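Only one structure is covered here, and it is reproduced in the block below.
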Ligand code: CTP
């Protein structure tokens, strides 16, 4: 595999990444940009990788210029960690003005980027557009994470942890295809229940857990359909996404697509209530009088699907609770005829809405397994492992 290192303060992490990947048996070829060599010496990475390091400042770069196309072709994975905003911009436009950008342009291997930069740079529309463009072309991303940044601020832009980078690299290098031939339906995100033409009721679901599940299932070879509420996340590579707004829309899609699935995982947070009547015009203020909204109960999508479950189908639900977590979760397991319920206490730091981690307990009829704090992607893989243990059969 090739590891590209660009010039940012996080470049020093490359040393640990190389060392971990070597220990796992990878043959790592390092390419450093000129600026990366200002942050970490090529000698360090040469020693750790036990391979010559290619660097634009090295004299032997000349001869290497011919060889790099061969390496680009031979690579089974192209990881760039850290990846600067500049490198992302170059890749997005196809610029090839140094060894790293030239080699990555010439590769057909899967590309994984671990961006690291200041929060404002990461959030800049130019960087976000580049990220979207690259993601659409199949480039994978790990991070960035929230954290303390070299510029003295705290925010998004910190390089992902070495564990996450190495885990994603391994997943791409040796994909486990244990869900090959299975059809998986995942629901994700909140609903929006309209009140009038400009307002709606919603909740704090970010969709991250559902998207992580869809991504993990697709990476493990499943044919994945994602029913998604309004969220600002990129649809994972190879996943077929259909959008819903309201709980009733979700119910219609779930009833249409549910019967064909082997596994249904319901991570969406459908609103339990909707307005009895949607006002045709914008609701006006009433001179200080209280405003009364009449709400009616929405259908329970999981329950409706549970009632139609065919033998062999395996259904997973979520229970985001604030109190009596396990008792509520067990009741939901029964009421919705689920095989597994993923319970979490959303009041705990590191669990629940809009964070990249989760702390969950997996409850089946037989047992209960408490997981430590993990990234949502890792929680997704643990849920899929458990689903396979519970014996989800493949459809023919
Ligand atoms: N769910 C559903 N339809 C609803 C509400 C929830 O399909 N109208 C699903 C969710 O996708 C989740 C599970 O049911 O997998 C549990 O959701 P939760 O909101 O915790 O449960 P509720 O049944 O709404 O119970 P309550 O709000 O009373 O806790």
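In this note's numbering, the protein residues as written are 10 to 405. Positions of the beta carbon are idealized from the N, C-alpha and C atoms, including for glycine. All of these numbers come straight from a predicted model, not from anything done at the bench.
Does the Cβ of residue i have 16 or more other Cβ atoms within 10 Å, making it buried, or fewer, making it exposed?
i           : result
residue 314 : buried
residue 294 : exposed
residue 100 : buried
residue 241 : exposed
residue 219 : buried
residue 303 : exposed
residue 296 : exposed
residue 46  : buried
residue 291 : exposed
residue 340 : exposed
residue 405 : Since pLDDT at residue 405 reaches only 48, below the 50 mark, its modelled position is unreliable, and no value is offered.
residue 283 : buried
residue 375 : exposed
residue 77  : buried
residue 332 : exposed
residue 82  : exposed
residue 22  : buried
residue 12  : buried
residue 484 : Residue 484 lies beyond the range of the chain shown here (10 to 405); nothing can be said about it.
residue 119 : buried
Should residue i be listed as close to the ligand CTP, given that the test is whether its C-beta is under 6 Å from any heavy atom?
i           : result
residue 358 : no
residue 309 : yes
residue 277 : yes
residue 221 : no
residue 327 : yes
residue 258 : no
residue 341 : yes
residue 281 : yes
If you follow the alpha helix (DSSP H) that residue i is in, where does it begin and where does it stop?
i           : result
residue 263 : 256–266
residue 241 : Careful: residue 241 lies outside any alpha helix (DSSP H) and carries neither H nor E.
residue 250 : Element bounds for residue 250: not the alpha helix (DSSP H) but the beta strand (DSSP E), 249–252.
residue 65  : Counting along the chain, residue 65 falls outside any alpha helix (DSSP H), and DSSP gives it neither H nor E.
residue 58  : 51–58
residue 187 : Run containing residue 187: none; DSSP gives neither H nor E here.
residue 220 : 217–228
residue 28  : 22–32
residue 197 : That residue, residue 197, is in no alpha helix (DSSP H); its beta strand (DSSP E) goes 192–197.
residue 314 : 310–316
residue 204 : Premise fails: residue 204 lies in the beta strand (DSSP E), 202–205, not in any alpha helix (DSSP H).
residue 342 : 334–344
residue 393 : 385–398
Ends of the beta strand (DSSP E) at residue i?
i           : result
residue 354 : 349–354
residue 165 : 163–167
residue 305 : 304–306
residue 377 : 377–379
residue 41  : 38–41
residue 328 : 323–330
residue 372 : 370–373
residue 364 : Unbroken run through residue 364: none, as it is neither H nor E.
residue 210 : 208–210
Any chance the CB of residue i is under 6 Å from a heavy atom of the ligand GDP?
i           : result
residue 145 : In terms of ligand content, the structure shown lacks the ligand GDP and carries the ligand CTP instead.
Exercise. Which residue spans inside the stretch 67–152 form an unbroken alpha helix (DSSP H) run of at least 4?
Worked result: Counting whole runs of 4 or more residues, the stretch 67–152 contains the alpha helix (DSSP H) stretches 70–83, 94–102, 108–115, 128–132, 134–145.
For this session: For the stretch 272–297, list the beta strand (DSSP E) runs that are entirely contained and at least 3 residues long, ordered along the chain.
Result: 272–275, 282–284
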